[in-house]
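A.B. asks: Under the working numbering, the very last position in the sequence shown is 433; numbers go up by exactly one each time.
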Amino acid sequence: MGRVGCLPFSPRAGEGQNRRVTLKIVIDQEAASAPYEQLRAQIAERARTGVLPVGYKLPTVRGLAEELGLAANTVAKAYRALEADGVIETRGRNGTFVAAAGDAAERRAAAAARTYAEEMRRLGLSREAAQAAVSDAVRAVYGD
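1. Once the 5 residues before and after Val365 are set aside, which same chain residues still bring their CB inside 6 angstroms of it?
2. Between which two residues does the beta strand (DSSP E) carrying Asp425 extend?
3. Of the choices Val430, Glu395 and Ile332, whose alpha-carbon is the least far from that of Phe386?
4. What is the DSSP secondary structure of Val340, reduced to helix, strand or coil?
5. For the region 353-372 against the region 313-329, do three or more pairs of beta-carbon atoms, one drawn from each stretch, fall closer than 8 angstroms, so that the two count as touching?
6. Is it right to say Gly303 is buried, meaning 16 or more other beta carbons lie within 10 angstroms of its own, or is it exposed?
7. Tell me the start and end of each unbroken alpha helix (DSSP H) in the region 360-393 that is at least 4 residues and wholly inside, in chain order.
8. So Tyr345 and Val310 are supposed to be a Cβ contact under 8 angstroms. How far apart are they, rounded?
9. Got a sec, what are the start and stop residues for the alpha helix (DSSP H) Leu353 sits in?
10. In angstroms, rounded to a whole number, what distance separates the CA positions of Ala336 and Gly384?
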């Protein structure tokens, strides 16, 4: 299957002191998606659902790479993608933390959907045709 890492996460001072979180990350080397994408998706999902609370300090790039048996560049790429999505924030030498961005993914999805709808309207497609195109794309990406 792949490498599994169980990582303890430490809260910042004053945040979540009564809660210890251990995150199980599974990297499947046989999966179709790249290891950095698997890592990005797992951290993003756990942050979105609150398993990783806002303010929790993530492991260093090097530490997480070592734990999971990945190259440091792979973990760095996942962290960069997560930061671009507003899921995590890097505070210089203080480390990388789960961000307080809340529903950043939902806001970006809504903005992308609006841009898509505006483009379909400019192209002269009906509402039904635009919705059918979205349904087809979602099926292609997520599977049936």
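Idealized CB from N, CA, C, for every residue including glycine.
Note that this is a predicted model, so its numbers are computed, not measured.
C.D. replies: This is what the structure holds:
1. According to the sequence shown, residue 365 is Ala rather than Val. Correct list, in chain order: Val350.
2. Taken as a continuous stretch (DSSP letters only), Asp425 belongs to no beta strand (DSSP E), being part of the alpha helix (DSSP H) at Arg416 to Tyr431.
3. Ile332
4. coil
5. yes
6. The predicted position of Gly303 is uncertain, since its pLDDT is 45 and thus under 50; a value taken from the coordinates is nonetheless stated next. With fewer than 16 other Cβ atoms within 10 Å, it is exposed.
7. 361-373
8. 6 angstroms
9. Val350 to Leu357
10. 17 angstroms
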